[in-house]
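K.L.:
Okay, so the sequence shown: first residue is 16 according to our numbering, each after it adds one.
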Amino acid sequence: MLDCAIIGGGPAGLTAGLYATRGGLKNVTLFEMGMPGGQITGSSEIENYPGFFDHEKTGMDFMNTWQEQCFHFGLKHEMKRVERVAKTGEHFTITLEGGEHVEALTVITCTGSTPRRAGFNGEDEFFGKGVSTCATCDGFFYKDKPVTVLGGGDTALEEAYYLSNICSDVYVVHRRDEFRAAPPTLERVKRKENIHLITDSVIEEAYGGMMGLDGVKIKNVKTGEITQMENSGLFVFVGHNVNNGVLKDENGEFICDVNDWGQVIVDLSMKTSLKGLFAAGDMRIEAPKQVVSAAGDGSIAALQVLSYIQELD
Numbered sequence: 016m017l018d019c020a021i022i023g024g025g026p027a028g029l030t031a032g033l034y035a036t037r038g039g040l041k042n043v044t045l046f047e048m049g050m051p052g053g054q055i056t057g058s059s060e061i062e063n064y065p066g067f068f069d070h071e072k073t074g075m076d077f078m079n080t081w082q083e084q085c086f087h088f089g090l091k092h093e094m095k096r097v098e099r100v101a102k103t104g105e106h107f108t109i110t111l112e113g114g115e116h117v118e119a120l121t122v123i124t125c126t127g128s129t130p131r132r133a134g135f136n137g138e139d140e141f142f143g144k145g146v147s148t149c150a151t152c153d154g155f156f157y158k159d160k161p162v163t164v165l166g167g168g169d170t171a172l173e174e175a176y177y178l179s180n181i182c183s184d185v186y187v188v189h190r191r192d193e194f195r196a197a198p199p200t201l202e203r204v205k206r207k208e209n210i211h212l213i214t215d216s217v218i219e220e221a222y223g224g225m226m227g228l229d230g231v232k233i234k235n236v237k238t239g240e241i242t243q244m245e246n247s248g249l250f251v252f253v254g255h256n257v258n259n260g261v262l263k264d265e266n267g268e269f270i271c272d273v274n275d276w277g278q279v280i281v282d283l284s285m286k287t288s289l290k291g292l293f294a295a296g297d298m299r300i301e302a303p304k305q306v307v308s309a310a311g312d313g314s315i316a317a318l319q320v321l322s323y324i325q326e327l328d
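(1) With DSSP collapsed to three states, give me the class of N79.
(2) Is the segment 288 to 301 touching the segment 97 to 114 in the sense that three or more CB pairs, one from each, lie closer than 8 Å?
(3) Tell me whether the beta-carbon of A119 lies closer than 8 Å to the beta-carbon of A20.
(4) Classify H87 as helix, strand or coil using the three-state DSSP reduction.
(5) Among L321, T163 and R299, which has the Cα closest to the Cα of G127?
(6) Any idea what DSSP makes of A35, helix, strand or coil?
(7) With V117 as the anchor, note down where its beta strand (DSSP E) starts and where it stops.
(8) Is E202 near the ligand SAM - that is, is its Cβ less than 7 Å away from at least one heavy atom of it?
(9) How is R203 classed by DSSP in three states: helix, strand or coil?
(10) Identify the residues that DSSP records as bridge partners of K102: which are they?
(11) Just to confirm, is the Cβ distance from F142 to E219 under 8 Å?
(12) Given V187, which residues of its chain have a CB within under 6 Å of its CB, disregarding the five upstream and five downstream residues?
(13) Roughly how far, in whole angstroms, is the beta-carbon of Y323 from the beta-carbon of T121, given that I think they are within contact range, below 8 Å?
(14) Between Q319 and I22, what straight-line distance do the alpha-carbon atoms span, to the nearest angstrom?
(15) Contact defined as beta carbons within less than 8 Å: I believe L249 pairs with V162. What is the distance between those atoms, to the nearest angstrom?
(16) Residues in the same chain with beta-carbon distance under 6 Å from T30, minus the five sequence neighbours each way, listed in chain order, please.
(17) Are T129 and F88 touching if we call contact CB-CB under 8 Å?
(18) Does the Cβ of S183 have 16 or more other Cβ atoms within 10 Å, making it buried, or fewer, making it exposed?
(19) For A272 and T287, which I take to be in contact (beta-carbon distance under 8 Å), what is that distance rounded to the nearest angstrom?
(20) Once DSSP output is grouped into helix, strand and coil, what is the label at G223?
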C-alpha cells in the first residue's frame, strides 16, 4: 500500500514528491511514462523562475536538478501509464496499463493540460522558435518588437493586453467578426493604441529559417486575401486540452467535480470533492500555467496529504 501515488511528473508532481518524502512518508511513487520534467523541458531559455537566471541552460537543464533532488529523498519513479483512479473504501486503486493495480492511501494528480494547436503551416516547425503558447513565459523576448496573437477568447485578449505593455505592437488575429471574450476585457483591449484587431482572418502560415520565425501570412476568410506580416513572435491561444482521463471511471464519468472545461475543481488546499484525492498544477481550475505556481500547488497538496494521513493514523 502506497502512502501517496503521484500521477504526472512535471513541476507540480516532482515538488509534491519532494515535500511528501521529506515530510516523512516512506512509500511515495510518482507515475510518469517518460522522464519527469513536464512541458518546461521543451523551453530553450528560462528567465522568470526566481533564483534561476542562466541564459546558457535550457528547460531540460533546469528540471534535471529537480529530479536529482526529489529522488534523493526517496521518491520512487514508475515509468508506467495510469489508466484510471478509483476510490475503493478508505483507499484508492490505481489501474495501470496492462491491468496491473496499485493501492494507495492518497492520490495527487498532476497530469497538466496541453495547449491546442491551431493547425496552420509551420506551427510545429517553429514551436519554441517564435511560436509560443505563453505570453508570460516568452513575451519579454520580444520587448519593443511587434508580435501576433491568434485567438478570440478571454485568454487571447488578456495575453494580448499583457504583451502590449512589452511589445511595440500586438496584432490580434481572430477568424470571426466578433470576439468571444467578456465585454470588459474587449473594451480594455480596444483602448490600447498598440493593439490592432484583425477579424475574419486566420493564420495561413508561419515562416522563417534556421534562426527561427520571421513572420506570418494572414488570410482573410471572406475575401481570400493574404497579408504577409514580418515579426518574430506568434502567440497561439486557442484553448487547452485538460489531461483528466485518469479521473474518469469505466463509464466515462468523473470521480470528482470538474468545471465545464474539464478542469478539476479544488479549494486553496488543492483538495478535490473526493476525500483523499488532490489535484495540482495546470489541470486545476484557474491555474496560472507557470512553473513556479505549479510547484507551489505541489507543495500544498503534499502538505495536505501529510495531514490527511496523520488523521487516518
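For each residue, glycine too, the CB sits at the ideal point set by N, CA and C. In this text, all values refer to a predicted model and were calculated from it rather than measured experimentally.
P.N.:
Reading it off the structure:
(1) helix
(2) yes
(3) yes
(4) helix
(5) R299
(6) helix
(7) H116 to T124
(8) In terms of ligand content, the structure shown is empty, and the ligand SAM therefore cannot be addressed.
(9) helix
(10) F107
(11) no
(12) V164, A175 and L212
(13) 6 Å
(14) 16 Å
(15) 7 Å
(16) A310, G313 and S314
(17) no
(18) exposed
(19) According to the sequence provided, residue 272 is Asp. The question's Ala does not apply to it. With a Cβ gap of about 7 Å, D272 and T287 count as contacting.
(20) strand
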